Amino acid sequence: MTQHLRPSHQHNAVDSGRSARTRRSGRSTRSVLTALCCGVAVVAAVFAADALIPQLFADPLPTRAQDGLTLALSVLIESMPFVALGVILSIVIQVWVPAEVVHRVLPKRAWARRMVLAALGMLIPVCECGNVPFARGLMMRGLTPADTLAFLVAAPIVNPIVIITTHQAFGWSNGILVARILGGYGIALLIGWLFSRHPDPQSMLTERFRMTCEEAADAQGDRLTRSLAQLVVELRAVMPALVIGSAIAGAVQVLIPRTALVAIGSNPVLSIVAMMLLAVTVAICSNVDSFFALSFASTFTTGSLVAFLIVGPIVDVKMIALLRTTFSTRAIVGVVAVVVLAAFALGTVMNLVA
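Using my numbering, the final residue of the sequence shown is 380, and nothing's skipped along the way.
Rendered as structure tokens:
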């Protein structure tokens, strides 16, 4: 474990363990309460929308509620295999691969290291859901938050499966495939560079993740025991966020009228904004989102489709919930702002040249 994630002083083992358990218990209680509040808020929002603006909805509430549940479950089920693979890769990095090996194979220079990490997704067929636990494993092996963000932003876009499916959907027409790959890779390097200049990298991480790093560094026992223990830690961190993110995605898709989005699809500016909002809310896996975007190709501009294909894999509601298990709210807001602004700029350029 690197120094920037280790405490600068040692505590009494008994007192430290007792206080850590107390803090974890308090956080678990707050997590349960937060999840309950989110669930109540979603249900209340559906009923309020039905009562206050019924003209926006043609279907009765039970039908829309069932549709929202179906959509939420589909997002969850679609994500689970990739989350499982990401957790397995994370455990391999944390437990089975020595830390010195990770640092030996990566370039020493920061800019070169971020370029390699941003391209690492080409070797890992995991969508954005599985990248978060894998990235957590990289940080537990000493990579900085900035380096890890470069990987997290680029990986779901330069993923080999994503490249293949995007080509199957759009081919080489209008430069959508090239713009998606190069745009996502460039934004990843930009975010990595911006956050590498942060004066206090440790403040970009949540207290819970910092404690997890300390516990992993001090873990005892054989590799199998540590692997099982780390499996529990990763699933406990990722699964609640994934469930909440999927529920929000399903509810939002039910509440937002698609007709309103299609009505503004031909406007070169509003179409980009609309498709970015859609990308954030529908939370479709990056491995298949190109086919979803293809259904809008006849009514929306080329730039808006590119913006959708870049924003969705990085900062949809499901991904934001997963990022929150590791990164602070301020860091996530910064990432979202950079991604949205860069995607909007790229979409505008694509509309001008298309």
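Every residue gets a Cβ at the ideal spot worked out from N, C-alpha and C, and that includes glycine. Predicted model, so just to flag it, every value in this text is computed and none were measured.
| Check | Outcome |
| --- | --- |
| I need the boundaries of the alpha helix (DSSP H) containing residue 194, first residue and last residue. | 186-196 |
| In the structure shown, what three-state DSSP assignment does residue 326 receive? | coil |
| Using CA coordinates, which residue listed in 193, 175 and 208 is at the minimum distance from residue 222? | 175 |
| Let me know if residue 89 comes out buried or exposed under the rule of 16 or more other beta-carbons within 10 Å of its beta-carbon. | exposed |
| Please report the distance separating the alpha-carbon of residue 144 from that of residue 179. | 8 Å |
| Please list, in chain order, all residues of the same chain as residue 232 whose beta carbon is under 8 Å from its beta carbon, the five residues on each side excluded. | 350, 351, 352, 353 and 354 |
| Helix, strand or coil for residue 203 per DSSP? | helix |
| Quick one: residues in its chain with C-beta nearer than 7 Å to the C-beta of residue 188, no 5 flanking neighbours on either side, listed in chain order? | 182, 312 and 313 |
| Could you tell me which residues DSSP puts in a beta bridge with residue 353? | 231 |
| If you drop the 5 nearest sequence neighbours on each side, which residues of the same chain put their C-beta closer than 8 Å to that of residue 366? | 302, 337 and 341 |
| Would you identify the three-state DSSP class for residue 378, choosing helix, strand or coil? | helix |
| Report the option in 363, 359, 327 and 345 whose CA atom is closest to the CA atom of residue 376. | 327 |
| Mapping the DSSP letters down to three states, classify residue 157 as helix, strand or coil. | helix |
| At the level of alpha carbons, what is the spacing between residue 369 and residue 251? | 44 Å |
| For residue 299 and residue 130, what's the separation of their Cα atoms in angstroms? | 43 Å |
| Can you give me the start and stop residues for the alpha helix (DSSP H) that residue 297 sits inside? | 296-308 |
| One question on the structure: do residue 206 and residue 335 come within less than 8 Å of each other, judged by their Cβ atoms? | yes |
| Considering Cα atoms alone, identify which of 110, 190, 309 and 357 is closest to residue 258. | 110 |
| Is it buried or exposed, residue 356, if we count other Cβ atoms within 10 angstroms and call 16 or more buried? | exposed |
| Compute the beta-carbon to beta-carbon distance between residue 379 and residue 202, rounded to the nearest angstrom, for a pair I have assumed lies under 8 Å. | The pair is not a contact, with the Cβ atoms about 12 Å apart (cut-off 8 Å). |
| Buried or exposed: which applies to residue 238, given that a residue is buried once 16 or more other Cβ atoms fall within 10 Å of its Cβ? | buried |
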